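Number of protein chains: 2
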Amino acid sequence: MNENSPKNLNVINVGLSSFADTINGAGGKAINVEWRPPAGGDVAAATALAGLVNNSVIENANRTAFEKYLNAQPVLEGIGRAGDVIPNMGERTILYSGPPIDWQNVCGPVHGAVIGAVIYEGWAKDQTSAEDLLRSGEVTIDPCHHHSAVGPMAGIVSPSMPVWMVASKADGNKAFTTLNEGLGKVLRFGANSPEVIERLKWMQKTLSGVLSAALSASDGIDIKTIMAQALYMGDEVHNRNAAATGLLLKQLAPRAVRSNLPADDIAQAIEFIAGNDHFFLNISMAACKVMLDAAHGVPNSSMVTAMARNGVEFGIRVSGCGDQWFTTPAPVVEGLYFPSYSIADAAPDLGDSSITETAGLGGFAMAASPAIVQFVGGTPADSIVRSREMEPITIGRNDALTIPALDFRGTAAGIDIRKVVDTGILPIINTGIAHKEAGVGQIGAGITRAPMACFAKAILSLSESRIE
Amino acid sequence: MNENSPKNLNVINVGLSSFADTINGAGGKAINVEWRPPAGGDVAAATALAGLVNNSVIENANRTAFEKYLNAQPVLEGIGRAGDVIPNMGERTILYSGPPIDWQNVCGPVHGAVIGAVIYEGWAKDQTSAEDLLRSGEVTIDPCHHHSAVGPMAGIVSPSMPVWMVASKADGNKAFTTLNEGLGKVLRFGANSPEVIERLKWMQKTLSGVLSAALSASDGIDIKTIMAQALYMGDEVHNRNAAATGLLLKQLAPRAVRSNLPADDIAQAIEFIAGNDHFFLNISMAACKVMLDAAHGVPNSSMVTAMARNGVEFGIRVSGCGDQWFTTPAPVVEGLYFPSYSIADAAPDLGDSSITETAGLGGFAMAASPAIVQFVGGTPADSIVRSREMEPITIGRNDALTIPALDFRGTAAGIDIRKVVDTGILPIINTGIAHKEAGVGQIGAGITRAPMACFAKAILSLSESRIE
């Protein structure tokens, strides 16, 4: 027998295991070493990365940014009217989630939700006249993130909508977000039927009044404490907010009762919150936005301060890269689909809610939430593996947000674009899934990953703009 | 060298590993086989056990009892005045936790709490005259369990106290329990100062009125559903009830708001519940009592239907052994003590709350509650090990009460005295710890075990009374 026959081959295979599998299958011996090329093989990004690793300027910048993130103390201060309180919003603009996109290119659910908002505002009576207004430019659209705001899924904010105001006690920066509508046929999943508009009107008139009265009787509600408690109670405060919603209600309900509003309004408001386990989601997102905006704008920092999707593109922002978005086509989510729906019906990844993962929550904190696998897929053991997997791509731990199942360690937070590009480990995101067509709504939920191309582009930009 | 020198010894050691350790230490080879003699070496119980294993009459009886436990549907029906609604209680009896004990022999916290109840009822103005009344027999004491009731720690119920009424929709059997007072200086831990009595009066006048109005506006609240949800939210519904309390409040608050009671009373009631994470505990206990009473009284069944402690003795009841208690001295709990206290200050194990473990919750469901180890000791990994350890001593799983961290398996439930005696695995109990002297209150919390002697005695009794 020839020495070079497969039986005598002894191979160390680096990278794709299929090569080793072939050799082993033919009777040879191959050991596989797990390795992925930096930047997924993008040579320019890999070269730029080489200049950014072991760089004390970037390390110091990241330390500064990460401390600002850690020190932010998001407090729920009140409710305002979007047009009145959101910076530079005006009275004819509708905000949406994710990186910038032109009206003619928006995905189905965003299209449906913007039309719904135009009708809700009374600017048009039906879909056709709403389309006319939008085409004419009389009504414009703009990203939430450009106005200190965040919105789940389509992320629609229109001027008359009530919005939560969350502020950081440390830096004073603020974030805004709408009140959560619940599940099923709702505007944020692209539904815009009369029942959707009617619910939004009730939220504007009744719910926001009760919440506003309750909050005005408080010095603000500390949101980080609620998040920390909720992580001990099975929430990851992105796709599971059952405990956090209950904790918020405990604080709001007695104050609402002591207001002089009609008892029936108060009871309706409490029932609405008690019946919507996702009610805390938007507040969680605004709190994460406040924490990450505090960390934004540190020169040379490679820390990610936003991940967001508009249903067409996935985009990230980086602390040291100013207002730039680094975008790439948004992936479609492999998840658990509701009966009669499949991945063929899904809009690509959508929403600002990945701000929670950017802050070390959601998918990054899945180990806190074994029950969520029934909603997004996988096993409870997977949820622990996934949280641990995020450790090598993050700057540190947030010891104010600890996870019992990880022996009370802080959640891994502060995604470093260098570590993502170097390791090839992509940030995990728990997400809802919208139907790709306007008007249908949610069709599932699942787990997805932020795409490598965003991080590779950001590495190139940071490398070019670096100040030493 | 002699063949019998330690170096050449090859030994299989059965039981205590210290023998094997000695041989190995001397240079011999010993393999240790883990084995404990049945009944902890109690020959009479071990002999009786031999007649009860692989016995189809007992297996059938246990199947019947376990199904009755599974089928029970505890529903919170309302609030009543103890003296009016608790069977055969009357107007001069005070109920306490655990197996029967004479007044002169009660432990410190029960003594203090009974005195507090006499003063609360207005039967005496001070401790001395309260003692006189009790010594004279004008006021008597009786176990909660003899009146379809359960109480945490001292477990005191006096006639004027408001009590929850929990009923099973399946069998119609009912259980009663007081409203939880919160932590710190409270009657159930033996405190009886004026602030304790004042709080009890407020609970009687204001809190019970609000809760009663809220419940009368409902068809009853399904407690098993709340328990099942709470197990997904970090509670084991014995020493951690944070989520369950919130879930209960979600149902009660809007109904309370719609009552015509003063807004300030409603707000006070909501604040009291929102501020007391143990508020659900008593309801959890009554629900477990309802489930286990349904399983009680099945001839020949070896299923445990109550474990309870009075601070002097630990007692169990068994489905096929009628009203008998099988008792032994209560252990002192190794736990986490509050600053300045130690095990030397502790009363022996106390309270009816181990009814939760009897029903497969509390310590048996610790895997659902990784955060509880900060209260009772150990690590999150221990909590999973402890839940799994209970599997060999139980009859089956309760698939209505599942645990995410155990891959959504039902909790191990229905303790079989035969399996406890055979394996030597003792039921685990999460518990609060009271100071041994009256008037002090809680000094810690920890994990303890039900003592073997109770199970060995029950085996002898079941063996004698067996009908074939």
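Protein chains in written order, with the working numbering: chain A, 1316 to 1783; chain B, 1316 to 1783.
Note that CB positions come from ideal geometry on N, CA and C, so glycine has one too.
In this text the structure is predicted, and so the values were computed from the model without any measurement.
Taking DSSP's pairing of strands, which residues face P1415/A in a bridge? Looking at the DSSP assignment, P1415/A forms no beta bridge with any residue, so it has no partner.
How would you call N1319/B, buried or exposed, if buried means at least 16 neighbouring beta carbons within 10 angstroms? Caution is warranted here: a pLDDT of 46 is assigned to N1319/B, below 50, making its placement in the model unreliable, and the coordinate value is therefore given only provisionally. Per the 10 Å Cβ criterion, exposed.
Can you tell me which residues form a DSSP beta bridge with D1731/B? M1618/B
So what does DSSP say about D1664/B, is it helix, strand or coil? coil
So, for L1567/B: in the same chain, excluding its five sequence neighbours on each side, which residues have a beta-carbon less than 7 Å away from its beta-carbon? L1526, A1529
To the nearest angstrom, report how far apart R1703/A and F1381/B are at their CA atoms. 40 Å
Within its chain, find whatever has a CB closer than 6 Å to the CB of L1449/B; leave out the 5 residues flanking it on each side and keep chain order. W1418
Ignoring anything shorter than 3 residues, give me the beta strand (DSSP E) runs that lie fully in the stretch 1356-1412 of chain B, in order along the chain. 1389-1396, 1408-1411
Quick one: is P1474/A near chain B, going by C-beta distance under 8 Å? no
Look at the alpha carbon of K1440/A and the alpha carbon of M1476/A, and state the distance between them as a whole number of angstroms. 18 Å
What residues from chain A crowd round M1767/B, counting only those whose CB sits closer than 9 Å? Simply none; closest approach about 32 Å.
Which residue's Cα is closest to the Cα of L1498/A: N1554/A, G1725/A, S1523/A? N1554/A
According to DSSP, is K1489/B part of a helix, a strand, or is it coil? strand
Taking contact to mean at least 3 C-beta pairs separated by less than 8 Å, is the stretch 1488-1496 of chain A in contact with the stretch 1595-1612 of chain A? yes
Reduced DSSP secondary structure (H/G/I, E/B, other) of W1438/B: coil
Note down, in chain order, each residue of its chain lying with its Cβ closer than 6 Å to the Cβ of A1765/A, except the 5 sequence neighbours on either side. M1622, L1741, P1742
Can you have a look at E1551/B and say buried or exposed, based on whether 16 or more other CB atoms are within 10 angstroms of its CB? buried
Chain A contacts from the stretch 1554-1566 of chain B (Cβ-Cβ distance under 8 Å): A1557, A1558, G1561, L1562, L1564, K1565, Q1566
Between which two residues does the beta strand (DSSP E) containing S1778/A stretch? No beta strand (DSSP E) contains S1778/A, which is instead part of the alpha helix (DSSP H) from 1767-1780.
Taking 8 Å as the threshold (beta carbon to beta carbon), is R1573/A in contact with chain B? yes
Ordered along the chain, which non-local residues of its own chain (more than five positions away) have a Cβ less than 7 Å from that of A1387/A? S1483, A1485, D1486, V1605, M1606, A1609
If you measure beta-carbon to beta-carbon, which residues of the stretch 1509-1525 of chain B are closer than 8 Å to chain A? none
Which runs of the alpha helix (DSSP H) fall wholly inside the stretch 1494-1534 of chain A and span at least 4 residues, in chain order? 1509-1517, 1523-1531
Whether V1454/B touches R1407/B by CB criterion (8 Å): yes
Tell me the residue span of the beta strand (DSSP E) that contains Q1757/A. 1757-1764
Let me confirm a value: G1635/A is counted as buried when at least 16 other C-beta atoms fall within 10 Å, else exposed. Which label applies? buried
Mind pulling the chain B residues with CB within less than 7 Å of M1548/A? M1548, G1549, A1557, A1558
Taking L1410/B and G1505/B to be in contact with their CB atoms under 8 Å, please state how far apart those CB atoms are, rounded to whole angstroms. L1410/B to G1505/B, Cβ: 15 Å. No contact.
Output needed in chain order: residues of the stretch 1717-1745 of chain A with a Cβ under 7 Å from some Cβ in chain B. P1719, A1720, D1722
Whole-Å CB distance - F1679/A paired with C1769/A, under 8 Å assumed: About 17 Å; that fails the 8 Å criterion.
Can you pull the chain B neighbours of I1536/A, defined as C-beta to C-beta under 9 Å? Those do not exist, as I1536/A stays about 13 Å from chain B at its closest Cβ, beyond 9 Å.
Cβ closer than 7 Å: which chain A residues qualify as neighbours of I1581/B? V1572
Verify the CB distance criterion: does P1577/B have a CB-CB separation below 8 Å to chain D? Although the question refers to chain D, the structure presented lacks it and instead comprises the protein chains A and B.
One or two residues paired with P1477/B in a DSSP bridge: R1396/B
Strictly below 7 Å CB to CB, what residues from chain B border T1493/A? Within chain B, no residue comes near T1493/A; the closest Cβ sits about 22 Å away, beyond 7 Å.
Whole angstroms are fine: how far does the CA of H1593/A sit from the CA of P1654/A? 21 Å
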